[in-house]
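Scroll down for the structure; my scribbles are underneath it.
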Amino acid sequence: MISGSQKLRKDSFVSPHFVLDLTELMTTFIIFLLLHLCFLLKSGEAQVRKDLITNAAEKTLNGFDENTLFSPYTKQEWRSYQDKKINEGRKTQLNFIITYPNKTAVKGAKLHIKQLTSDFHWGCGMTHRIINNPAYKKWFASKFTAADFHNELKWYYTEPQPGQENYTDPDTMLKFADEHGIIVRGHTVLWDDVKYQQKWVKKLSPKKLLQAANKRVDSVVKRYKGRLVGWDVMNENLHHNFFEKRLGKNASAIFYNRVYNIDPNTTLYMNEFNTTEHVNDKWAAPEKYLRRLKKIRAYPGNNGMKMGIGLQCHYGAKPIDLHYVRNSLSLLSQVGLPIWLTELDVKMDPALENKSQLQVIYLEEILRESFSHASVKAIIIWTGASIDGCDVMCMTNEKLENTPVGDLIDRLMEEWKTGNTEVVSDSNGISKVSMFNGRYEVTVVDPFTNVSSRVTFKVDKVSLPDENVHLQILV
Ligand SMILES: *[C@@H]1O[C@H](CO)[C@@H](O)[C@H](O)[C@H]1NC(C)=O
Ligand SMILES: *[C@@H]1O[C@H](CO)[C@@H](O)[C@H](O)[C@H]1NC(C)=O
Ligand SMILES: *[C@@H]1O[C@H](CO)[C@@H](O)[C@H](O)[C@H]1NC(C)=O
Ligand SMILES: *[C@@H]1O[C@H](CO)[C@@H](O)[C@H](O)[C@H]1NC(C)=O
Ligand SMILES: *[C@@H]1O[C@H](CO)[C@@H](O)[C@H](O)[C@H]1NC(C)=O
Ligand SMILES: *[C@@H]1O[C@H](CO)[C@@H](O)[C@H](O)[C@H]1NC(C)=O
Ligand SMILES: *[C@@H]1O[C@H](CO)[C@@H](O)[C@H](O)[C@H]1NC(C)=O
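Residue numbers (this note's numbering): 9 to 483.
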């Protein structure tokens, strides 16, 4: 049952070498599938999904009471299911087995486990106001590993007047992000909503519009090619159709193709609101989202394109329908693409008495539910500090002191990482640890000599398909 073996050298970094037994892998895979299936049947998830989607479709026809969707599960049941999914999908259980080269188990070896990176990204919306604010920069970089610019990459921002391009702000913001290892999404190449086109763009003939839009695509994509973690190519393509109306129904697929040809290694996203937020949005329900995605990928020349699912996640004042969120995310997860929650916030009715308490409660529910879907690779909070504008919610005030929302997010960030952990091997030389997926540095201290050895490696179920990890102390 040895999946990997690692010799530790004194104070050196060694990349792990794992010998995989294929027969064993196959068995694990089959068992995993069976477990997964049993779980699905037991939880009744597949059933709920079907009902909900039918309901969602009916609602647009008849209108029905949202209370009929109210959860039949208790809060504790939701929570324990979410925790189970988080354990399965985000964490890896490992048994570190410490031995000497003569195979003798080392009892009492100390393992200092340090999480270097996380596979999951916490992100935040960023605006140009961060540029001259060192305190905000420090705050941002200390918390987040991902960002989306609110407006600074949009066409109306970089080319307000025809031919007068100005990339000063996004250049500066991207430089800051790069310097701090913050990955950035390209939001957005084009936007299908007529409301957000420059006056001069709205006036163009179809022929001139195509020229101008192609020039825009080439300009922004060539400038940042290879530096971004993804592009929103056509924002809100399901609700709006500014470009389709003027350039034909394949317009967006053609723009995706153009971006793909310039920046082929970057993931191209759709980015939409109301896909998980509202059961009764007839434009952007998950099936419609997937249908459009399929169409874009099926367009000639697009088949090699890496795509991802962007969900804005602007939740509204009412209690969030977690059933609908769960089933939407489950359905979207089935296509095997990365899902990014790109602009997550929870808007409260200003007239509501307990709005700030309720906002935190709803936000926690939605974050826990979202995090329990392993296909959700990042959650971008909209917004951070109040200097970026607090139209819906903020993590801090202008002095960068936490709001209750900020406290909640800090608490969850702490909960969803392994951080620094210390364990001691038992009489069989074994230490069991459950670790959030990511990169780790493990330092092993020999109990007799106190000499320490170090190794860094990636933890996830693909890198470490067997839970036994052998670490050999060289003497
Ligand atoms: C194995 O090696 C360790 C460390 O050198 C030593 O302390 C131990 O006695 C050895 N065990 C056997 C069975 O040789
Ligand atoms: C470009 O944008 C920067 C930042 O907003 C501004 O300071 C500068 O004046 C702009 N340049 C031109 C030529 O408008
Ligand atoms: C895309 O990535 C592949 C593999 O990493 C690399 O060989 C290729 O040069 C990249 N293409 C571009 C245009 O950067
Ligand atoms: C989302 O859908 C609901 C229901 O159709 C609608 O009331 C709401 O305005 C939509 N949100 C946005 C931002 O358009
Ligand atoms: C859209 O593209 C498809 C190929 O995917 C093609 O068959 C169809 O004719 C195109 N429609 C228009 C209006 O260009
Ligand atoms: C407001 O919140 C407090 C504390 O959570 C609770 O005791 C009270 O009943 C709430 N009031 C309303 C109107 O919901
Ligand atoms: C190893 O460290 C422990 C505690 O830090 C100490 O008690 C012990 O004497 C040290 N052993 C050696 C061989 O240095």
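Glycine is no exception: its CB is placed at the ideal position from the N, C-alpha and C atoms. Source: prediction; values computed, not measured.
Check	Outcome
Please determine, among N103, L301, Y89, M421, the residue with the shortest C-alpha to C-alpha distance to N436.	N103
Figure out for me which residue from E449, E430, Q367 has the closest Cα to the Cα of P412.	Q367
Can you check whether the CB of G194 is closer than 8 Å to the CB of Y164?	no
Going straight from the alpha carbon of Q169 to that of Q206, what length do you get?	8 Å
Using the three-state DSSP reduction, which class does N311 fall into: helix, strand or coil?	coil
For the candidate residues Q342, K203, I121, whose alpha-carbon lies nearest to that of T451?	I121
With 16 other CB atoms within 10 Å as the buried threshold, where does D329 fall?	buried
In this structure, does DSSP put I190 in helix, strand or coil?	coil
Using DSSP with H/G/I as helix, E/B as strand and the rest coil, what is L366?	helix
Strictly closer than 6 Å from CB to any heavy atom of ligand 2: give me those residues in the order they appear in the chain.	N174, T176, D177
Which word fits A221, buried or exposed, when buried means at least 16 other C-beta atoms lie within 10 angstroms of its C-beta?	buried
Going along the chain, which residues put their C-beta within less than 6 Å of some heavy atom in ligand 1?	Y108, N110, T112, V483
Do N258 and ligand 5 come close, with the Cβ less than 7 Å from some heavy atom?	yes
Should Y277 and D226 be called a contact, given that it needs their Cβ atoms to be closer than 8 Å?	no
Assign W424 to one of three DSSP states: helix, strand, or coil.	coil
Out of N174, M181, L119, which has the shortest C-alpha to C-alpha gap to R137?	M181
For S260, which of helix, strand or coil comes out of DSSP?	helix
At 4 residues or longer, and completely inside the stretch 395-444: list those alpha helix (DSSP H) runs for me, N to C.	412-423
With a threshold of 7 Å, establish whether the CB of P346 neighbours any heavy atom of ligand 5.	no
May I ask you to verify whether the stretch 259-272 touches the stretch 329-344, counting CB pairs closer than 8 Å and requiring at least 3?	no
When you compare only the Cα positions, how much space is there between E96 and Q84?	18 Å
Which residues neighbour ligand 3 when neighbourhood means a C-beta less than 6 Å away from any of its non-hydrogen atoms? List them by chain order.	G234, P272, N273
What do you reckon, are the CB atoms on E285 and C321 nearer than 8 Å?	yes
Distance check for D434 and Y144, CA to CA, integer angstroms please.	46 Å
Less than 8 Å between the beta carbons of Q90 and S442, yes or no?	no
Taking buried to mean at least 16 other C-beta atoms within 10 Å of its own C-beta, is F379 buried or exposed?	buried
Under 7 Å: does the beta carbon of Y307 sit that close to some heavy atom of ligand 5?	yes
Pick from Y204, A185, W424: whose alpha carbon is nearest that of L236?	A185
For H188 and V459, I'd like the C-alpha separation in whole angstroms.	33 Å
With a threshold of 7 Å, establish whether the CB of N282 neighbours any heavy atom of ligand 4.	yes
Quick one: residues in its chain with C-beta nearer than 6 Å to the C-beta of E32, no 5 flanking neighbours on either side, listed in chain order?	Summary for E32: the model assigns pLDDT 28, below 50, so the residue's position carries little reliability, and this model does not support an answer.
Per DSSP, which one or two residues make a beta bridge with L276?	W239, M315
Is there contact here, the stretch 294-307 with the stretch 349-360, by at least three beta-carbon pairs under 8 Å?	no
Please classify Q505: is it buried, with 16 or more other beta-carbons within 10 angstroms of its beta-carbon, or exposed?	The question about residue 505 has no answer, for the chain in this structure spans 9 to 483.
Taking the alpha carbon of D415 as the point to measure from, which residue in T107, E423, M134, M403 has its own alpha carbon closest?	M403
So, with DSSP's three-state summary, where would you put L371?	helix
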